[in-house]
Amino acid sequence: MPAFKSFLRIRDSVHRATITFYGHRNVRALHRSTIEVTKDEHLTLRGDCIVGVKADKACRDLNALLGDRVRQDDREIRFTILVKGMEWRFTAKGCRMLILEDDRSIVIRKSRYICPRTLAIMSSASAIDMPREMVRMLMDESTRGVLMIEC
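Quick look at the structure:
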């Protein structure tokens, strides 16, 4: 019985990942269905879902335990974005079909669309929902942000 209890404790524990990223003068956060952080250093005005560049992780870089958790159908995934003491939280869902193979970015979607960049679907928020004060802070290239993932 003790081994079984130990298994349950491991299975029910929360898995976390932290992604550090930076702002860019072209951050606009106007997209209505996605939010993205990327390892890319440059951002054009067309990238209106991107809230951070120079990220230290992409989908492919996330640990295997977290990947296993987000690949569970309807698994709740909690996101927190921290910028200069300001905090923004939202949730999304996992799905067994997630690929998690992109080596450049992480995308969280309101829709059910899945591609190698997709980390979560059915999100409660997208880039346009980010507090405007936070967006203004992320328009400064020296601003550091943190994306925390828990599931």
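Going by the working numbering, the sequence shown opens with residue 1, and the numbers climb by one from there. C-beta atoms are modelled at their ideal positions from N, C-alpha and C, and glycine is treated no differently.
- When secondary structure is reduced to three states using DSSP, alanine 64 falls in the helix class.
- The residue from Ser124, Ala55, Thr20, Arg28 with its alpha-carbon nearest to that of arginine 104 is Ala55.
- For valine 107, there is no enclosing alpha helix (DSSP H); the enclosing beta strand (DSSP E) covers residues 105-109.
- Counting only residues of its own chain and dropping the five nearest sequence neighbours on each side, threonine 38 has a CB closer than 7 Å to the CB of Ile50, Val53, Ala55, Arg104, Ser105.
- Here serine 33 is near serine 111, since their CB atoms are less than 9 Å apart.
- Of Arg25, Ala58, Asp68, Asp61, the smallest CA-CA separation from threonine 143 is found for Arg25.
- Burial state of glutamate 41 is exposed, judged by a 10 Å Cβ sphere holding fewer than 16 other Cβ atoms.
- Shown here for isoleucine 128: same chain residues with a beta carbon closer than 8 Å to its own, the five before and five after excluded, namely Ala29, Leu30, His31, Arg32 in chain order.
- With contacts defined by Cβ atoms closer than 9 Å, methionine 86 and glutamate 133 form a contacting pair.
- Beta bridge pairing from DSSP links methionine 86 with Val83.
- For arginine 78, the secondary structure class from DSSP, reduced to helix, strand or coil, is strand.
- The continuous alpha helix (DSSP H) containing glutamate 133 extends over residues 132-138.
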